[in-house]
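Single-structure report; data block below.
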Amino acid sequence: MIKKIRFMDTSLRDGFQSVFGARVLTDDFLPAVEAAVHAGIDYLEAGGGARFQSLFMYCGESAFDMMDRFRKAAGPGAQLQTLARGINVVALSAQPRDMIDLHAKMFKKHGITHIRNFDALNDVRNLVYSGQCIKNAGLNHQVVVTMMELPPGCSGAHDPAFYLKTLKDILDSGVPYDSVCFKDASGTSNPNKVYETIKAARKLLGDNVLIWMHSHETAGIGIVQYKAAIEGGCDGVCLARAPLSGGTCQPDLLSMWHALKGTQYTLDIDVNRILEANRVQQECLKDYFFPPEAQKISSEVILSPMPGGALTANTMMMRDTGTLHLYSKVIEAMSECVAKGGFGTSVTPVSQFYFQQAYANVTQGPWKKITDGYGKMVLGYFGKTPVKPDPEIVKIAEKQMGMPVFAGDPLDVLEPGIPKAVKMLEKEGLPVTDENIFILGALATPGGNKGLDFLKGNKPVNCRKVTDKKEVEKKIGQTPQSAPRSAGLSQYKVTVDGTTYQVMVEDETGEVAAVRTMKEKETQRKPPVEIRTQLPGNVYEILCAVGDNVKKGDTLVILEAMKMETPVIAPDDGIIESLEVTKGQTVQSGHLIAVLA
């Protein structure tokens, strides 16, 4: 008897993330949704993951509006699934209990039927509450065990025994679920390991629980992994369609159908209708820039497990900051970050922690700067890693971050998020809705809140298209120029009757802007201090102005690169004589930020 293998079409979420860094406008792809449903595809991935935040940050759109329009285009009968990251849900950081519950309710309200729920550390504690909220909201909960291949020479996790133990822990926890998925975001797991894992899971779960397998073609073994999973007892796989299949994406639907010919398994599809839907999808995306790294096999990820969905998001950000030439060095450095970080699965957010730390190691020197996410991970603030992180790295993180090792439940140290969001909305005079509350919680950063920026009307659109090819190529290779020197103020030292004053005069009008009595030790004026950035990035916030008195250690500017915020600190007490950057500007290493007098 031939077994029909189920499939979910991931083209319009994971495909977008794996090719375009999740930056696709809703108007551009809705005909592809309609065409997919017309072709008989009734199970589609519709959002979540990085696709949620990218709509606000790069597309000038609300993710909730996108989900509403996706549901309308798909019709009432389609199953629409999103991706959630345990206690992070779809946010930039771990969320408190009230926000986790609000996430499930909001996604149900906006047309979603299924949520795939994973924890990158395979810490089951992070799945229990989030899974319960998903079920309480009336959604289908697909609980996940995350997989990858360890760097050479590493052992102690990520083998069939480890995955089976994780599955047993899920069952013992009592978290309600409707199906189980084994998710290999980097597409690096050895196919034999996949077979042994699925076979053992099927024996443990029995015949009535649906088992899914998710992988990518980044390393060129996705279809082989899927065949191994199917032979081990898997019921469903994630597939994509041209031009959003293969490479960093999921294996292609038609290729998988072809690979199953002559076996005991098949995909129930109408090939001609699928081909027509593919043509519509290709037409929808014809103006988009397809990064070459998204369309090829990148076998180096077997040594440094970079997820397909993160690879192009990172290269897109490196294009934004003019640092794409560093990519190969960062990928090479990432292997050490995985080896010393406790073996959390390389899937968001942990894959980003690895990449950010590798980026910092390349641009600032090995372990000179422990990044926020990586540091908190090795210290235990996101949960328990599969094995203990390298003790030397833990010591460095403790010292640099001023934080102790934490062994408790991450949810227990997070304050409720809804009251803070309500207060912020009221202060800004913005509508207090559940959607706006969640947007603020999901897009909060250490240096600000990108959700608040969006709600206040700052809606940048940064989707790379090739309509004007010359202009796009110019932007990709362009080295940003310095901002013009701020007009601002000039500083003078004036002595009257033995007392010395510092006088700030407006350059354009000549009017006195400020007068300050100088202490005796200040009368010997120190030479101006040039403050330069140590790494490339975008200017996210400017927290000072020309003429401001600042203290040593004050944050003057916040730079952003690779979803990582880095403060530019005043090296001494003084007065801001000039600012040499503007908000949103891209700067390179060594760029002059400000002059301190």
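Counted from 1, the sequence shown has number 212 at position 212 by this note's numbering; the numbering is strictly sequential.
Quick reminder that beta carbons are idealized off the backbone N, C-alpha and C, glycines included.
As the structure is a prediction and not an experimental result, all values here were calculated from the model.
(message) Going by beta-carbon coordinates alone, are isoleucine 396 and tryptophan 367 separated by less than 8 Å?
(response) As a first step, residue 396 must be located in the sequence shown, where it is residue number 396. As a first step, residue 367 must be located in the sequence shown, where it is residue number 367. It is a contact, given that the beta carbons lie within the stated cut-off.
(request) Go ahead and pull the three-state DSSP assignment for cysteine 181. (result) Within the sequence shown, numbered from 1, the residue matching residue 181 stands at position 181. The answer is strand: DSSP assigns cysteine 181 an E or B state.
(request) Name the two residues that bound the continuous alpha helix (DSSP H) containing leucine 171. (result) Here residue 171 corresponds to residue number 171 of the sequence shown, with the count starting at 1. First-last of the alpha helix (DSSP H) with leucine 171: 160-173.
(request) Have a look at Thr445, Gly553, Val512 and flag the residue whose alpha-carbon is nearest the alpha-carbon of glutamate 541. (result) Indexing the sequence shown from 1 puts residue 541 at position 541. Comparing Cα positions, the closest option is Thr445.
(request) Please go through the same chain and pick out, in chain order, the residues whose beta-carbon is closer than 7 Å to the beta-carbon of glutamine 264, but skip the five residues on each side of it. (result) Position 264 of the sequence shown, counted from the start, is the residue given in the question as residue 264. Only Ile2, Lys3 meet the Cβ criterion.
(request) List the whole-angstrom C-beta distance separating threonine 385 from leucine 127, where the pair is believed to meet the contact cut-off of C-beta under 8 Å. (result) Along the sequence shown, one-based indexing puts residue 385 at 385. Along the sequence shown, one-based indexing puts residue 127 at 127. Contact doesn't hold; Cβ gap of about 15 Å is too wide.
(request) Measuring alpha carbon to alpha carbon, tell me which of Val539, Asp434, Leu92, Met256 ends up nearest threonine 586. (result) Numbered from 1 along the sequence shown, position 586 holds the residue referred to as residue 586. If we check each option's Cα against that of threonine 586, Val539 comes out closest.
(message) With H, G and I counted as helix, E and B as strand and the rest as coil, what does DSSP make of serine 11?
(response) Here residue 11 corresponds to residue number 11 of the sequence shown, with the count starting at 1. Correct three-state label for serine 11: helix.
(request) Could you spell out the range, first to last residue, of the alpha helix (DSSP H) harbouring tryptophan 257? (result) One-based indexing of the sequence shown puts residue 257 at position 257. First-last of the alpha helix (DSSP H) with tryptophan 257: 253-259.
(message) What would DSSP say about isoleucine 269, mapped onto helix, strand or coil?
(response) Here residue 269 corresponds to residue number 269 of the sequence shown, with the count starting at 1. Isoleucine 269 falls in the coil class under three-state DSSP.
(message) Once the 5 residues before and after aspartate 468 are set aside, which same chain residues still bring their CB inside 6 Å of it?
(response) Counting from one through the sequence shown, the residue named residue 468 turns up at place 468. Residue placement at aspartate 468 is flagged as unreliable, the pLDDT there being 46, under the threshold of 50; the coordinate-derived value follows with that caveat. Correct list: empty, nothing qualifies.
(request) Check whether the stretch 102-118 touches the stretch 136-145, counting contact only when three or more Cβ pairs, one atom from each stretch, lie closer than 8 Å. (result) yes
(request) Tell whether a beta-carbon distance below 8 Å holds between alanine 294 and valine 19. (result) Reading the sequence shown from its first residue, position 294 is the one you call residue 294. Reading the sequence shown from its first residue, position 19 is the one you call residue 19. Against a cut-off of 8 Å, the Cβ pair of valine 19 and alanine 294 comes out as a contact.
(request) Taking asparagine 126 as part of the alpha helix (DSSP H), name the residues at either end of that continuous run. (result) As a working mapping, residue 126 is identified with position 126 in the sequence shown. Its alpha helix (DSSP H) spans residues 125-136.
(message) Would you call the stretch 164-181 in contact with the stretch 409-429, where contact means no fewer than 3 C-beta pairs closer than 8 Å?
(response) no
(message) For tyrosine 288, tell me which candidate among Arg23, His158, Gln250 has the shortest Cα-Cα distance.
(response) The residue labelled residue 288 in the question sits at position 288 within the sequence shown. That would be Arg23, whose Cα lies nearest to the Cα of tyrosine 288.
(message) Within 10 Å of its beta-carbon, does lysine 399 have 16 or more other beta-carbons around it, so buried, or fewer, so exposed?
(response) Here the question's residue 399 lines up with position 399 in the sequence shown. When all chains shown are included, lysine 399 counts as exposed.
(request) Flag this pair as yes or no: are the beta carbons of leucine 80 and arginine 71 separated by less than 8 Å? (result) By 1-based counting over the sequence shown, the position of residue 80 is 80. By 1-based counting over the sequence shown, the position of residue 71 is 71. Result yes, Cβ atoms of leucine 80 and arginine 71 sit closer than 8 Å.
(message) Using a 10 Å radius around the Cβ and a threshold of 16 neighbouring Cβ atoms, would you call threonine 623 buried or exposed?
(response) The structure shown does not extend to residue 623, since the chain is modelled only from 1 to 597, so the question has no answer here.
(message) DSSP three-state label for serine 215, please.
(response) For the purposes of this step, residue 215 is taken as the residue at position 215 of the sequence shown. Serine 215: coil per DSSP, three-state reduction.
(request) Count the other CB atoms, across all protein chains shown, that sit within 10 Å of the CB of serine 653; report buried if there are 16 or more and exposed otherwise. (result) Any answer about residue 653 is impossible in this case: the structure gives the chain only from 1 up to 597.
(request) Could you check the C-alpha separation between glutamate 231 and glycine 206 for me, to the nearest Å? (result) Here residue 231 refers to the residue found at position 231 of the sequence shown. Here residue 206 refers to the residue found at position 206 of the sequence shown. About 15 Å.
(request) List the residues that DSSP assigns as beta-bridge partners of threonine 555. (result) Translated into positions along the sequence shown, residue 555 becomes position 555. Per DSSP, Ile569.
(message) Taking the beta carbon of arginine 51 as the centre, do at least 16 other beta carbons fall within 10 Å, making it buried, or is it exposed?
(response) The residue given as residue 51 occupies position 51 in the sequence shown. The residue is buried, with at least 16 neighbouring Cβ atoms inside 10 Å.
(request) Taking glutamate 541 as part of the beta strand (DSSP E), name the residues at either end of that continuous run. (result) Here the question's residue 541 lines up with position 541 in the sequence shown. Per DSSP, glutamate 541 belongs to the beta strand (DSSP E) from 537-542.
(message) Considering only their Cβ atoms, is the gap separating cysteine 59 from valine 466 smaller than 8 Å?
(response) The sequence position of residue 466 within the sequence shown is 466, counting from 1. The sequence position of residue 59 within the sequence shown is 59, counting from 1. Going by C-beta atoms, valine 466 is not nearer than 8 Å to cysteine 59.
(request) Could you round the C-beta distance between threonine 188 and glutamate 149 to whole angstroms and report it? I think they count as a contact, below 8 Å. (result) Against the sequence shown, residue 188 aligns to sequence position 188. Against the sequence shown, residue 149 aligns to sequence position 149. Yes, they are in contact, since the Cβ atoms of threonine 188 and glutamate 149 sit about 4 Å apart, within 8 Å.
(message) Please return the same chain residues whose Cβ sits closer than 7 Å to the Cβ of isoleucine 170, not counting the five positions on each side in sequence.
(response) Mapped onto the sequence shown, residue 170 falls at position 170. Excluding sequence neighbours, isoleucine 170 sits near Val124, Leu127, Val143.
(message) What does the Cβ neighbour count give for lysine 450, buried or exposed, with the cut at 16 atoms within 10 Å?
(response) One-based indexing of the sequence shown puts residue 450 at position 450. Buried is the call here.
(request) Please work out which residues of its chain come closer than 7 Å, Cβ to Cβ, to isoleucine 302, disregarding the five sequence neighbours upstream and downstream, and give them in chain order. (result) On the sequence shown, position 302 is the one that residue 302 refers to. Closer than 7 Å at the Cβ level, and outside the excluded window around isoleucine 302, lie Glu149, Thr188, Ala219.
(request) Let me know if threonine 10 comes out buried or exposed under the rule of 16 or more other beta-carbons within 10 Å of its beta-carbon. (result) Here residue 10 is taken as the residue at index 10 of the sequence shown, counted from 1. With 16 or more Cβ atoms within 10 Å of its Cβ, threonine 10 is classed as buried.
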